[in-house]
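One structure below.
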Amino acid sequence: LIFLTQNPFLIGLSVIVYIGMYFFVRTKREVIHNYLEKQAELESNVQITLNEGAT
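The numbering used here numbers the first residue of the sequence shown as 4 and each following residue consecutively.
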């Protein structure tokens, strides 16, 4: 959508943000993966608790 405006400042800003996020994710890949694994485990524990409470 930013590219449709044809505003060079906004296009440049979006490219810089994209590149910055790309390098952030590359350097923090292990931390992000561990966080997502922990959240998935917590969510599955909540689902098990809810299922046990329903019976």
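Note that beta-carbon positions come from the ideal geometry of N, C-alpha and C, so glycine has one too.
| query | result |
| --- | --- |
| Residue 42 in three-state terms, based on DSSP | helix |
| Whether residue 28 touches residue 22 by CB criterion (8 Å) | no |
| Separation of residue 41 from residue 47, as counted between CA atoms | 10 Å |
| As assigned by DSSP and simplified to three states, the class of residue 10 | coil |
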